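Undergrad: No gaps in the numbering here: position 65 of the sequence shown is 55 in our numbering, and each next residue is one more. Glycine included, C-beta positions come from ideal geometry on N, C-alpha and C. Keep in mind that this is a model prediction, so the values were computed, not measured.
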Amino acid sequence: MAQIVILAAGKGTRMKSKLPKVIHKICNKPMIEYIIEEALKVTENIDVVLYHEFDKIKELIKKYPVKIHKQNHKEFPGTGGALKEVPLRSEKVLVLNGDMPLISANEIKKFFDIDADIVMSVMKLKNPQGYGRVVIENGNVKKIVEEKDAKKEELKIPYVNAGVYLFKKEVLQKYLPLLSNNNAQKEYYLTDIIEMAVKDNLKIKALEVDEENFKGVNSKKDLAKAEEIMCRRIKEFWLKEGVIMHLPDTIYIDAYTKFEGECEVWSGSVILKSVIIESEIKPNSVIEEAIIKKSSIGPMARIRPKSEIYKSKIGNFVEIKASKLQGVKAGHLSYLGDSEIDEGTNIGAGTITCNYDGKNKYKTKIGKNVFIGSDTKLIAPITIEEDVIIAAGSVVNKDIKKGSLAISRPPLKIVKDFYYKFFGRKS
Ligand code: UD1
Ligand code: MG
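Set out below in structure tokens:
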């Protein structure tokens, strides 16, 4: 069985972040999870090498059936050093850099179809900056030169090492112990194996690959570019599944969101970790960790985590958090938090569930066919039973029984001709 080793022990200095590089997110999902999931489609025989933030990353990936190793980074830093800890169990060992979130199982499989002592991945780029350059003479690979070690002339080479290699086990067994750290970064480069193998006349084949699938993420700029590609893939998948998208380039859909039935998403919307079923998401709405079914949301609505919205119409500037709505209309400017609202209920503009007293959060329950007038404040915890009318502008701080009217109005005082006394007559 094939063995795949994923290198993820590096710090990711160029990311300029406290977060280790491989757990930076692309479309809301940590980079390393994409690569592990794709590798698992090829084999169950997977090793992941960690070092920086070992415990944090280990915790994150413990859900996957992979073997985790700790690099002896102090003594053997670098991609070659990372491999020293890994027991070689198969005749062929595929090594993947952990910072390549765009690679797919199909691309990985191509390496196993080629017979050679080493199969390496090469990209021809207009802008090779950031990658190791592949020195090719008379059509044959000679060596890989890391950017920091490259001479001026070598930096102009458009061929770069994409960071995936398939080695015969004996090749790694022979050359890993021979690597040295005599280079600009004082690291044990895996890439130095190529030059040694060339000198020993080993059979090396280069597989030409593209950046759409093999992009390495070293900086925040790379992260943004990789996310653009991944987000486009996600949207293309859902477009094929029948989701209508208006100006898809402006829509952000994360890796966890699912659509069912006919759905329509308008420009500027952001949808994270949600399930959208037979619904319309109007422009510039933000939906996070919610279930939306047979509903219309927005424009400019914000649906926050733990919300479930069924057969409802949610309009502009309505924020909903941890609430369950069934057959509800909330058309304008409201905050509904920690609430349960039943069928046929109308929430007037400006309604606020006052769910927080500065210490704790409290629940609001509203029954069927309730009419809540505009600018109502519901002081939670509170239960409004069915068939209730709340008059506009009310502050409701008691439970209201079925069939009642609740009205709280400060008395209205009218002072005749006050305007003229205050401002004088203008005409
Ligand atoms: C590496 C290659 C470079 C190639 C590029 C492709 C080397 C020496 N260079 O450069 O030729 O063009 O990938 O994207 O291999 N890692 C460890 N332990 C370490 C150092 C790194 O596990 O001590 C891991 C990192 O977490 C990362 C991967 O190896 O996932 C690659 O390391 P990175 O520092 O990104 O190497 P590049 O400079 O991109
Ligand atoms: Mg890299």
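Determine the closest residue to P10 out of A(-2), I16 and C17, with distance taken between C-alpha atoms.
TA: Counting from 1 along the sequence shown, the entry for residue 10 is found at position 20. Of A(-2), I16 and C17, the residue nearest in Cα terms is A(-2).
Undergrad: Under 7 Å, CB to any heavy atom of the ligand MG. Which residues pass, going along the chain?
TA: N87, D89, G153, G206, V207 and N208
Undergrad: Taking DSSP's pairing of strands, which residues face V265 in a bridge?
TA: Counted from its first residue, the sequence shown places residue 265 at position 275. Partner(s): K248 and I281.
Undergrad: For Y246 and N173, what's the separation of their Cα atoms in angstroms?
TA: Sequence index remark: in the sequence shown, residue 246 carries index 256 (1-based). Sequence index remark: in the sequence shown, residue 173 carries index 183 (1-based). C-alpha separation (whole angstroms): 42 Å.
Undergrad: Please go through the same chain and pick out, in chain order, the residues whose beta-carbon is closer than 7 Å to the beta-carbon of G122, but skip the five residues on each side of it.
TA: To locate residue 122, count along the sequence shown from 1; it is residue 132. The answer, listed in chain order, is I134, V135, E136, E137, V150, N151 and T181.
Undergrad: Assuming N96 is part of the alpha helix (DSSP H), what are its boundary residues?
TA: Residue 96 sits at position 106 when you count from the first residue of the sequence shown. Start and end: A95 to F102.
Undergrad: C253 and S264 look like a contact to me (Cβ under 8 Å); what is the Cβ gap, rounded to whole Å?
TA: Position 263 of the sequence shown, counting from 1, holds the residue named residue 253. Position 274 of the sequence shown, counting from 1, holds the residue named residue 264. With a Cβ gap of about 11 Å, C253 and S264 do not count as contacting.
Undergrad: Looking at G334 and the ligand UD1, is the gap between the Cβ and the nearest heavy atom below 7 Å?
TA: Sequence index remark: in the sequence shown, residue 334 carries index 344 (1-based). Between the ligand UD1 and G334, a heavy atom-to-CB distance of less than 7 Å is absent.
Undergrad: Buried or exposed for P20, going by 16 or more other Cβ atoms inside 10 Å?
TA: For the purposes of this step, residue 20 is taken as the residue at position 30 of the sequence shown. Buried is the call here.
Undergrad: How should V233 be labelled, buried or exposed, when 16 other C-beta atoms within 10 angstroms of its C-beta is the threshold for buried?
TA: The residue labelled residue 233 in the question sits at position 243 within the sequence shown. With 16 or more other Cβ atoms within 10 Å, it is buried.
Undergrad: Alpha carbon to alpha carbon, what distance is there between A291 and H322?
TA: As a position in the sequence shown, residue 322 is number 332, starting the count at 1. As a position in the sequence shown, residue 291 is number 301, starting the count at 1. Cα to Cα, the separation comes out at about 9 Å.
Undergrad: Helix, strand or coil for Q163? Go by DSSP, reduced to three states.
TA: Residue numbering aside, residue 163 sits at position 173 when the sequence shown is read from its first letter. DSSP places Q163 in helix when its eight states are reduced to three.
Undergrad: Beta strand (DSSP E) containing M87: first to last residue?
TA: Against the sequence shown, residue 87 aligns to sequence position 97. First, the residue type needs correcting, since residue 87 is Asn and not Met in the sequence shown. From DSSP, the beta strand (DSSP E) with N87 extends over K82 to N87.
Undergrad: Name the residue from L368, G120 and I13 whose alpha carbon lies nearest to the alpha carbon of E23.
TA: Within the sequence shown, residue 23 is the residue found at index 33, counting from 1. Per the Cα distances, I13.
Undergrad: With hydrogens ignored, establish whether the beta-carbon of A72 is closer than 7 Å to any heavy atom of the ligand UD1.
TA: As a position in the sequence shown, residue 72 is number 82, starting the count at 1. Yes, Cβ of A72 sits closer than 7 Å to a heavy atom of the ligand UD1.
Undergrad: Starting from Y24, follow the alpha helix (DSSP H) in both directions and report where the run begins and ends.
TA: Position 34 of the sequence shown, counted from the start, is the residue given in the question as residue 24. It spans M21 to L30 - the alpha helix (DSSP H) in which Y24 sits, taken as one unbroken run.
Undergrad: For the beta strand (DSSP E) that M426 lies in, which residues bound it at each end?
TA: It is not possible to answer for residue 426, since the shown part of the chain is limited to -9 through 417.
Undergrad: Could you tell me which residues DSSP puts in a beta bridge with C344?
TA: Taking the first residue of the sequence shown as position 1, residue 344 is located at position 354. Looking at the DSSP assignment, C344 forms a beta bridge with I369.
Undergrad: In the DSSP output, what is H322 paired with across the bridge?
TA: On the sequence shown, position 332 is the one that residue 322 refers to. Bridge partners of H322: N306.
Undergrad: Find the nearest neighbour of S285 within the set E278, I267, M186 and S384, judged by alpha-carbon distance.
TA: Taking the sequence shown and counting its residues from 1, the one referred to as residue 285 is at position 295. Considering only alpha carbons, the answer is I267.
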